[in-house]
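Encoded as structure tokens, the structure appears first; notes follow it.
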Amino acid sequence: MGVFLIQTVEGEIKHDFSFHLLKAIEYQNWYRDEIVYQAVTGDHININNYPGYIPVGSLEFVFAYIANHHHKKNLIPINIPVELTNPKKYTKRKFCSNVPKDHIKSYLKEFGKKCFIKSCTTHKGFTDILHGDMTEHIPEDRYFVSEVISILSEWRAFVYRSQLVGLKNYSGDFIVFPDVDLVREMISNYKLAPLAYTLDVGIGERGTFLIEVHPFVSCGLYGFDDYRILPQMFIQGFKFYL
């Protein structure tokens, strides 16, 4: 049996994934006619009192639990996996990872005085679109740096045990659909993947391209609600960081 520790805010569920997880727990217990999963919810949970649970909530909540009970800190985002770095086939844009702050100006020049940057070391770290050569405001860190390309639509692919199990639009024109065959190829070629993760793709003038990858932790669902597998996906996403 798995027991989830679900964060609330002022007594209410605030994340779509927590709402659907509770429904999925109810569904699976009903379908199997036994208690397979349980959940504890609360605003100000003392995580010290809940060893052996699966935390679900904000990244800060989940990472605090992992640091407390599993003694792991400084968890690194995936961004773009090594297996999917082919710029012609998958990313459709020039980029470089692990760039120190003082090298960003050279990429600004290469990418036409405009580039997107995102921290390589911190989840939800510093992110910006830079113009010209202004880099003084950027914190010291190592960055994912890429050229900026137009995006008509953005979709989130949900992956469980190397299978595409859902695909949801989360930004842009919802009738501009991604190349599903290419998405499946990305999944197939991502060999060192978490057992549960999301793969965000964009569609632009260059076709379908990979934006970034996230383990299935604190990921917006945008309507994905496969109650047959949601609890298992949360468990595997959490285990990826252990």
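The sequence shown: position 137 = 138 (my numbering), numbered continuously.
From the three backbone atoms N, C-alpha and C, an ideal C-beta is built for every residue, glycine too.
Nothing here was measured: the structure is a model prediction, and the numbers come from that model.
Item: Where the alpha helix (DSSP H) through Glu61 begins and ends; Value: 60-71
Item: Segments assigned beta strand (DSSP E), at least 3 residues, entirely inside the stretch 86-114; Value: 96-101
Item: From Asn50, Leu23, Asn47, Ala194, residue whose alpha carbon lies closest to that of Tyr38; Value: Leu23
Item: Spatial distance of Glu84 from Gly224 (CA atoms); Value: 28 Å
Item: Tyr244 in three-state terms, based on DSSP; Value: The chain is shown from 2 up to 243; residue 244 falls before or after that span and cannot be answered.
Item: Nearest candidate by alpha-carbon position, reference Phe210, set Val181, Lys169, Leu196; Value: Val181
Item: C-alpha distance - Phe159 paired with Arg185, whole-angstrom precision; Value: 11 Å
Item: Contact set for Ile79: own chain, Cβ-Cβ below 6 Å, skip 5 residues either direction; Value: Val214
Item: Backbone CA spacing between Ser219 and Gly58 [nearest angstrom]; Value: 6 Å
Item: Assigned secondary structure, Gln129 (DSSP; H/G/I helix, E/B strand, else coil); Value: A small fix is needed here, since residue 129 is Asp in this sequence, not Gln. Strand, per DSSP.
Item: 8 Å Cβ cutoff met for Tyr198 and Phe178; Value: no
Item: Rounded separation between Phe20 and Ile188 - CA only; Value: 27 Å
Item: Where Lys119 falls: helix, strand or coil (DSSP); Value: strand
Item: Residues sharing a beta bridge with Tyr198, DSSP; Value: Val160, Pro216
Item: Whole-angstrom C-beta distance between Gly203 and Ile152, which should lie under 8 Å; Value: 4 Å
Item: Cutoff 6 Å; reference Asn170; Cβ partners in own chain excluding five residues on either side; Value: Trp156
Item: Under the three-state DSSP convention, the category Ser189 falls into; Value: helix
Item: Identity of the residues DSSP links to Pro56 by a beta bridge; Value: Leu6
Item: Spatially closest choice to Lys125 from Glu61, Tyr191, Lys95, by CA coordinates; Value: Glu61
Item: Burial state of Val100 (16 or more Cβ within 10 Å); Value: buried
Item: Proximity below 8 Å, CB of Ile118 to CB of Phe145; Value: yes
Item: Buried or exposed by the 16-neighbour rule on C-beta atoms within 10 Å, applied to Met234; Value: buried
Item: For Asp226, the nearest candidate out of Phe241, Tyr191, Tyr242, Leu168 (CA to CA); Value: Leu168
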